[in-house]
Structure formats: C-alpha cells, structure tokens
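Numbered by this note's numbering, the letters in the sequence shown go through residues 6 to 171 in order. Glycine residues also receive a C-beta, built at the ideal position from the N, C-alpha and C atoms. Below is one structure, written out as structure tokens; the observations come after it.
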Amino acid sequence: MRHIRLFCICLFTLSTLMLSSCAQAEDSLLVAGWVEKVTVFTDSPQDGIQMSAKLDTGAKTSSLHAVDIKVDKAHKRVKFVYVNEDGKRYNIEAPFAREVKIKKRPKGIHIRPVVYLNIKIGEKTIKAEVNLTDRSHFNYHLLIGRRLLQQGILVDSSRTFILPHE
C-alpha cells in the first residue's frame with residue numbers, strides 16, 4: 006500500500022510538471038493570422054520595408070519578391086530590387102546564405118539565391134533564410150514558410166491581421 010501511495014505521488018508530481026512546461030511553451034508562441042503585416046530589414050527595423058505576408062504552413066521555406074538580382078559569391082552578398090504594390094523600388098543588399106534548386110515542370114530546375122533577412126512579425130524579430138524570386142504575379146510578395154514559423158509562431162488559418170504593427 007505504501008508503494009502504491011508513493012507511486013501515485015510521483016505520478017501526480019510528474020504530470021503537474023509536464024502540464025506546467027506545456028503551458029509555458031504555449032505562452033511563448035505568437036498566434037498570428039494567415040496574413041499579417043510585417044517589416045523586412047537587413048540591419049535596423051527603422052530602415053525596414055513594411056508589407057503584407059502570407060504565412061503558409063504548406064511551404065517549407067520563405068520567399069520574397071525580387072528583381073534585378075545580382076549575386077556576389079566572392080563577397081557573400083546579394084543585391085536586388087524589391088518593388089512594392091505601388092511600384093516603389095527599394096534597392097536592398099543582404100548577406101548571401103546559399104542557393105536552392107527549385108524543380109519546375111516542364112522547365113526543369115531553377116536556381117534561386119537565398120539571403121539572410123530579419124523579419125519582424127508582431128513583437129518577434131526573426132533572422133531567416135529567404136529565397137528571392139519574381140513573385141509579382143502572386144497576391145503576397147512575401148511568403149513565410151514553416152522554417153520561420155517553427156521559431157514560435159502559430160498560424161490561426163481563420164483570421165488575418167491580428168498582430169499589432171507599426
């Protein structure tokens with residue numbers, strides 16, 4: 006009987022600790038809508054570009070609309086132009102991370118440069134790898150994928166624009 010009581014006390018203590026750690030983990034998650042206003046920047050958020058982004062749990066990586074892309078592998082830098090919905094052009098230079106091969110049918114393989122950018126969503130700022138491509142024909146110029154979302158962002162697919170933004 007004594008062993009059963011001791012076992013029950015241990016089991017109760019363990020389950021309480023587990024529930025407490027789960028509650029803390031949930032508190033650190035940022036709940037966002039499937040579309041949110043974000044700020045994209047290389048150095049300072051004050052110099053950033055504000056835009057609407059689609060948070061896509063079906064996409065593995067993040068992707069930003071870019072044109073006139075010039076990769077300097079020797080200096081590990083990428084220069085590109087971001088053109089917003091109003092036609093305003095932003096010249097951006099960002100650190101080069103790597104290249105990614107995208108399979109496109111029927112054209113074969115397309116190589117995209119990947120850069121490091123900071124993305125501020127709500128109160129969170131995350132340094133992320135973002136591939137660059139022409140997204141002018143998409144509704145959202147920035148697609149945020151799972152690799153970035155796994156850093157503490159939970160997507161509520163029934164809502165949009167729920168986070169505060171400057």
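Residues near residue i by beta carbon distance below 8 Å, same chain, minus five either side
i	result
residue 165	38, 39, 40, 41
residue 144	59
residue 153	67, 124, 131, 133
residue 171	44, 55
Own chain residues within Cβ distance below 7 Å of residue i, not counting five before or after
i	result
residue 108	114
residue 120	83, 99, 100, 101, 102, 135, 137
residue 132	121, 123
residue 141	70
Endpoints, beta strand (DSSP E) assigned at residue i
i	result
residue 82	82-88
residue 117	113-126
residue 100	94-109
residue 136	129-138
residue 63	That residue, residue 63, is in no beta strand (DSSP E); it is neither H nor E in DSSP.
residue 46	40-46
residue 158	158-161
residue 75	72-77
Nearest-angstrom Cα separation, counted from residue j out to residue i
i	j	result
residue 89	residue 56	8 Å
residue 161	residue 62	10 Å
residue 169	residue 44	12 Å
residue 151	residue 127	17 Å
residue 139	residue 157	28 Å
residue 167	residue 34	14 Å
residue 106	residue 116	5 Å
residue 97	residue 73	10 Å
residue 80	residue 118	14 Å
Endpoints, alpha helix (DSSP H) assigned at residue i
i	result
residue 151	151-154
Contact set for residue i: own chain, Cβ-Cβ below 6 Å, skip 5 residues either direction
i	result
residue 36	159, 161
residue 130	123
residue 147	56, 58, 69
residue 94	86, 88
residue 54	45, 95
Beta carbon of residue i nearer than 8 Å to that of residue j
i	j	result
residue 149	residue 65	no
Residue-chain proximity (residue i, chain B), Cβ-Cβ < 8 Å
i	result
residue 105	The chain labelled as chain B is not found in the depicted structure, where only one protein chain is given.
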